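See structure below.
Residue numbers (the working numbering), protein chains in the order written: chain A, 80 to 315; chain B, 2 to 325.
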């Protein structure tokens, strides 16, 4: 177990966004977080990344203290949030190299030979070696997804969170991406993907979390009932 | 990518040639012999005045202005993730131009030190406006540039209004709005040095943290960086530098846009190298552009801002079409 929510609630002003969510996210598992827009998926992720704090309940990271320190989160969680703007100018390799960035080193930051090996391995893992020297802005949507994944992998953290609904990415690229995430999770990492794709979530995820109106309505292995859980009985 | 040392060497050659042209040529033909006399001995008073009081200060002014604008442009483009980042386009120079217009119009009375200091304050206000918009995630590069252009245009309109109201001579108005280093003497230049040093010092402090800003604030934060603080510091440095440049030369357009793009195309994307090389690149560009402004239509001359704009405007169109 890497992250545990216990009766976690978050209110935006007086409006409840998450209500008494209790769940855990496990290392070695590919978790898909599903739910309609506004269900609280992004809020759940922002709680894990420490951008916002709980209104009620508890959240623990590894065996960390409560509240978790930002330093702990930065050490263990790699994240690519929703609607991230394309980084201008840089190549795929330069993006992934930034995964090795350490703010403490400042002006003297240099990639060590070990860093270079890690970057090469990350490029390989997300199948981007061939495109390493292409400018990020000049690759396709699916390739951008994989480049961001490589960026997360280069950070060598225990948990990878991708908040992305893969809009505008073709089915085969998505399928390949889900497969990659499953493989990466199998290497003893916790991988969380926010997605709207029920079909691929059902095929690839080890665990599925379904949020609806801030309530966790399902937490378990993929099931045929996902459409009805999400949209209601009409879809069943 | 070309090694920085070769780039520095090449820029050094341009600066030496530009300085030689700036000192040797001009409306008063003093010839090589008298030039050497002015440098290495005494006696020829006319040559000494032409070289030491007219031409050399102008060369130094061009180098300082170019260094300021080049570095300010690099800091703005990197810290706002915006390929259109430029102290004039983003309205920083506009704040300083209002101050200059107030001084030219006689509304504010101050000496050279006060002039540069007030220019820096005016420019920092412009920097504050752009920094407040740049930190918002919903303001993309094109919108940020539009906001900056609007702020800059408004500021220049206000500055022009003051100049017109006070019936300031056309030549002086043109020098401010078009950018010119004509008739600058050492007293005008010295106050710029501490501000240039301060701007460079802040840039050195912040340079190591600039690279991650390309990722956007949320991702940069997840790496343990503090992007808001880094951007604010970089923008403040750009404000100081842009104000210094306007304080000496008025509004010299597009240098801050041009320099980082040219530098990036030669040495790559590392923010530290971009910041470092943009300083001599800006100095070389403005120095050479000023020779063109001085010498092409001799004995009359055009504002140096016209030359830099002629180079920079097509680049901006290219950037807007291809990069944004």
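Glycine included, every Cβ here is placed at the ideal spot set by N, Cα and C. It should be emphasised that the depicted structure is a prediction, and the values quoted were computed from it without experimental measurement.
- The count of Cβ pairs closer than 8 angstroms, one atom from the stretch 14-23 of chain B and one from the stretch 31-38 of chain B, stays below three, leaving the stretches out of contact.
- Under the three-state reduction of DSSP, residue 69(B) is assigned to helix.
- In the DSSP assignment, residue 84(A) falls within the unbroken beta strand (DSSP E) covering 82-91.
- Less than 9 angstroms divides the Cβ of residue 263(A) from the Cβ of residue 239(A).
- With contact defined as three or more Cβ pairs closer than 8 angstroms, the stretch 154-168 of chain B and the stretch 206-218 of chain B are not in contact.
- The beta carbon of residue 294(B) sits closer than 6 angstroms to those of 302, 303, 305 and 308, all from its chain and outside the five residues before and after it, given in chain order.
- At a cut-off of 9 angstroms between C-beta atoms, residue 183(A) counts as an interface residue with respect to chain B.
- Distances from the alpha-carbon of residue 122(A) to those of 242(A), 258(A) and 252(A) put 242(A) closest.
- For the stretch 196-208 of chain B, residues whose beta-carbon sits nearer than 8 angstroms to a beta-carbon of chain A comprise 205 and 208.
- Residue pairing by DSSP places residue 299(A) opposite 287(A) in a beta bridge.
- Between residue 48(B) and residue 36(B) a beta carbon distance of about 7 angstroms is seen, short of the 8 angstroms cut, so the two are scored as contacting.
- For the C-beta of residue 84(B), the chain A residues within less than 7 angstroms are, from N- to C-terminus, 167.
- For residue 173(A), the neighbours in chain B by C-beta distance under 8 angstroms run, in chain order, 270.
- With a threshold of 9 angstroms between beta carbons, residue 170(A) makes contact with chain B.
- The count of Cβ pairs closer than 8 angstroms, one atom from the stretch 114-128 of chain B and one from the stretch 277-288 of chain B, stays below three, leaving the stretches out of contact.
- Residue nearest to residue 108(A) within the set 237(A), 152(A) and 278(A) is 237(A) (criterion: CA-CA distance).
- With fewer than 16 other Cβ atoms inside 10 Å of its own Cβ, residue 300(A) counts as exposed.
- Interface with chain A (9 angstroms Cβ-Cβ cutoff): residue 54(B) is excluded.
- Cβ-Cβ distances below 8 angstroms link residue 202(A) to 171, 172, 175, 208, 211 and 229 in the same chain, with the five nearest sequence neighbours on each side left out; the list follows chain order.
- According to the DSSP secondary-structure assignment, residue 234(B) is paired through a beta bridge with no residue.
- Taking a beta-carbon distance threshold of 9 angstroms, residue 234(A) counts as an interface residue toward chain B.
- In the structure shown, the three-state DSSP call for residue 102(A) is strand.
- Counting along the chain, the unbroken alpha helix (DSSP H) around residue 122(B) starts and ends at 113-135.
- Relative to residue 167(A), the option among 13(B), 248(B) and 271(B) whose CA is nearest is 271(B).
- Residue pairing by DSSP leaves residue 182(B) without any beta bridge partner.
- In this structure, the beta-carbon distance from residue 192(B) to residue 113(B) falls below 9 angstroms.
- Annotation: Cβ neighbours of residue 158(A) in chain B (cutoff 8 angstroms, chain order): 219, 220 and 223.
- Spanning the alpha carbons of residue 152(B) and residue 45(B) requires a straight line of approximately 50 angstroms.
- A distance of 9 angstroms or more separates the beta carbons of residue 224(A) and residue 197(A).
- Chain order gives the chain A residues near residue 226(B) as 182, where near means a beta carbon separation below 7 angstroms.
- For residue 110(A), the enclosing beta strand (DSSP E) has its first and last residue at 109-113.
- Using a Cβ-Cβ distance cut-off of 8 angstroms, the stretch 89-100 of chain B and the stretch 219-232 of chain B are not in contact, since fewer than three pairs of beta carbons, one from each stretch, lie closer than that value.
- Around the C-beta of residue 85(B), 16 or more other C-beta atoms lie within 10 Å, and the residue is accordingly described as buried.
- The Cβ of residue 273(B) sits closer than 9 angstroms to at least one Cβ of chain A.
- Boundaries of the alpha helix (DSSP H) around residue 96(B): 93-105.
- When the beta-carbon positions are compared, residue 253(B) and residue 66(B) come within less than 9 angstroms of each other.
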